[in-house]
Amino acid sequence: MRPDRTMVVSPLPSFARGGANSSHLNLPPPDAGVKLPAAKSVVLKIIAGPAKGMTHKLTKPRVILGRDDADIPVNDPEISRHHCMLEVRETYANLKDLDSTNGTFYEEERVRAAMLQNEAQFRIGNSVIRFSLEPK
Numbered sequence: 002m003r004p005d006r007t008m009v010v011s012p013l014p015s016f017a018r019g020g021a022n023s024s025h026l027n028l029p030p031p032d033a034g035v036k037l038p039a040a041k042s043v044v045l046k047i048i049a050g051p052a053k054g055m056t057h058k059l060t061k062p063r064v065i066l067g068r069d070d071a072d073i074p075v076n077d078p079e080i081s082r083h084h085c086m087l088e089v090r091e092t093y094a095n096l097k098d099l100d101s102t103n104g105t106f107y108e109e110e111r112v113r114a115a116m117l118q119n120e121a122q123f124r125i126g127n128s129v130i131r132f133s134l135e136p137k
């Protein structure tokens, strides 16, 4: 391994930990920097995968993507119930994997976290999602 390469170290997924309860998310409270931009709309568009073409306009700055009871449900069998979290911070968003089974990918690399600029794309399961800041 070269010293300039990124190495991703990941703890055991929540389902593999003793006493873990997958139905309860224990997230820290969002900090003051997490907010939607005043002059733009934040839009997530699914550009590939089973739910291709679906568009979600964010109404709050912190959302969970996953199946069923997530803030943004994505119809994809390869996605965990609570797969990842997106925190919007005016001009960019932080993407965080929530110990998903199949991982969160940014620029074809499995990541625990990534910073998304306008028009950035990431993949969860078989779904590719574009993060966009659009004029209101």
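So the sequence shown is numbered by the numbering used here: it starts at 2 and just counts up by one.
Virtual Cβ for every residue (Gly too), placed ideally from N, Cα, C.
Around the beta carbon of Gly34, fewer than 16 other beta carbons lie within 10 angstroms, which makes this residue exposed.
The beta carbon of Ile48 is closer than 6 Å to those of Val129 and Arg131 in its chain, skipping five residues each way along the sequence. Per DSSP, the unbroken beta strand (DSSP E) holding Asp98 starts and ends at Tyr93 to Asp98.
With contacts defined as CB atoms closer than 7 Å, Val43 and Val75 fail to qualify as a contacting pair.
The shortest CA-to-CA distance from Leu134 to any of Gly126, Glu110 and Gln118 is the one to Gln118. One thing to note: Leu99 has its Cβ within 7 Å of the Cβ of His83. One alpha carbon belongs to Leu26, the other to Ala52, and they sit about 25 Å apart. Taking all protein chains in view, the Cβ of Leu28 is surrounded by fewer than 16 other Cβ atoms within 10 Å, so the residue is classified as exposed.
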